[in-house]
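All residue numbers for the sequence shown refer to my numbering, where the first residue is 1250 and numbers rise by one.
Written out below as structure tokens is the structure these notes cover.
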Amino acid sequence: MGARVRTGLEVLCSEGTARLRGRSVGLLAHPASVTSELWHAREMVAGAGARVRALFGPEHGVGGEAQDMEGVADGGGPLRTYSLYGAEYSSLSPQPAWLDGLDAVVIDLQDVGSRYYTFVWTALLMARACAARGIEVLVCDRPNPLGGAVIEGSPQRPELRSFVGLEACPVRHGLTLGEVLSWRAAEESLSNVTVIPMEGWTRAMRWEDTGLPWVLPSPNMPTPDTATVYPGGCLIEGTNLSEGRGTTRPFEIFGAPWVDGAALASAMEADGGGGMRARAMSFRPMFQKHAGVTCQGVQVHVTDPRVFAPTGPISRRCGPAVASRAFAGARRSTSSSTTSRPSTCSPATGR
């Protein structure tokens, strides 16, 4: 069955070649920047007549090989390749020299609909940098895998804004990347930003309704199921519970060596959120928190994604899980100046 949705990339390259032909462009992209036929944005933009002069990679890199909070070196070779992720806030935006000679920057990133997924903020920082240089930005819109009909959580407080939430919006914001950029362009008078809309997408659509292939936008986002639980599962990062990184089902699984998995599963099921089941299990992460150590915890099985509210049962039951040890000693200690995540399980705060 063919795709029901045409992405902004496909619209731009099939109908908007006049925007690209003969122009020197930069491309902010990653592995999921593909068409319904799996052609990558780099091939598509070049095929539309543009001269691709530079590649820019968000968190995890252009190739998507880096883990979270892992820097990516700038690439050599005939095509300039730059990382927009690193240990300092300044590393999150392109240096002015990187934009030299560019007529436009094309942004094509697959987001997952959660405030703390960093790609929308990388796109915004790129748009701001280009505005300062008078460079056009073409944003290729893509579906929000969670749809656009539901929001969850509260906007973060100003003092908790960071690279995992540069601007105030709910945890599950219900917007596409193009809509986030349109919002910020209007608020900040970024007249250089043009969003290339999709065709065929409606707010009621979840990923499985689009007919588009799923390509990992980041190493720990292997399936649309992962994106469904991510707004809640990612909250576990603020503790020393494992959020399932280092397993094949990240964010669907969480626990620790000291957790009573059966009790936690029962508590989550009794929470009454609906659209999910919680199954007690043991697992052994291969890397990151509790690497090589057998953990007890739960796997969240989503039975009805249109009812399931990911931030609810996970965030409400995270606290009791870590309370089985001293909470102050159960918080995640690793952070950086660019990616610090407040140690909390409350969606009303920054995380």
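Using N, Cα and C, we set each Cβ at its ideal position, and we do this for glycine too.
Keep in mind it's a predicted model, so treat the numbers as computed, not measured.
query = CB Arg1377 to CB Val1420, shorter than 8 Å?
reply = no
key: Continuous beta strand (DSSP E) assignments of at least 3 residues falling wholly in the segment 1368-1434   = 1385-1389
ask   = Closest by CA to Phe1500, which one among Gly1522, Ala1519, Val1464, Phe1532?
value = Phe1532
key: Segments of 3+ residues assigned as beta strand (DSSP E) that fall wholly inside the segment 1454-1542   = 1502-1505, 1525-1532
ask   = Taking only runs of the beta strand (DSSP E) that begin and end inside the segment 1276-1354, which ones reach a length of at least 3 residues, in chain order?
value = 1300-1306, 1329-1332
message = Going by DSSP in three states, Ser1263 sits in which element: helix, strand or coil?
response = helix
inquiry  = If you measure between the beta carbons of Asp1247 and Ser1273, is that distance less than 8 Å?
reply    = This structure leaves residue 1247 out entirely; the chain is present only between 1250 and 1600.
query = What's the call for Thr1543, buried or exposed, on a 16-neighbour Cβ count within 10 Å?
reply = exposed
request  = Look up Thr1552 in the DSSP assignment and say whether it is helix, strand or coil.
outcome  = coil
query = In terms of residues, what are the limits of the beta strand (DSSP E) holding Thr1443?
reply = 1442-1445
message = My output table needs one value for Gly1546: the three-state DSSP class, helix, strand or coil.
response = strand
query = Does the beta-carbon distance from Leu1304 to Val1294 come in below 8 Å?
reply = no
query = With distances taken from CA atoms, which of Glu1259, Arg1268, Ala1267 is nearest Trp1288?
reply = Glu1259
request  = Work out the CA separation of Cys1483 and Leu1269 for me, nearest whole Å.
outcome  = 38 Å
request  = Work out the CA separation of Leu1387 and Leu1374 for me, nearest whole Å.
outcome  = 14 Å
request  = Using three-state DSSP, classify Gly1578 as helix, strand or coil.
outcome  = Residue placement at Gly1578 is flagged as unreliable, the pLDDT there being 41, under the threshold of 50; the coordinate-derived value follows with that caveat. Three-state result, Gly1578: helix.
ask   = In this structure, what does DSSP give as the bridge partners for Asp1357?
value = Ala1278
key: Given 8 Å, three or more beta-carbon pairs between the segment 1419-1433 and the segment 1461-1475   = no
query = Is it true that the CB of Thr1443 sits closer than 8 Å to the CB of Trp1450?
reply = no
inquiry  = When you compare the CB positions of Gln1405 and Gly1397, do they come within less than 8 Å of one another, or not?
reply    = no
query = In the structure shown, what three-state DSSP assignment does Arg1255 receive?
reply = strand
Backbone CA spacing between Leu1277 and Thr1371 [nearest angstrom] = 9 Å
key: Whole-angstrom distance between Pro1506 and Arg1253, CA atom to CA atom   = 45 Å
key: Three-state secondary structure (DSSP) of Ser1363   = strand
ask   = Rounded to whole angstroms, how far is the Cβ of Ala1512 from the Cβ of Arg1528, which I believe are closer than 8 Å?
value = About 13 Å; that fails the 8 Å criterion.
request  = Could you say which of Met1454, Ala1453, Thr1367, Met1447 lies nearest to Ser1411 if we only look at CA atoms?
outcome  = Thr1367
key: Anticipated Cβ contact below 8 Å, Ser1339 with Leu1333, distance rounded   = Not really, about 11 Å apart at Cβ, beyond 8 Å.
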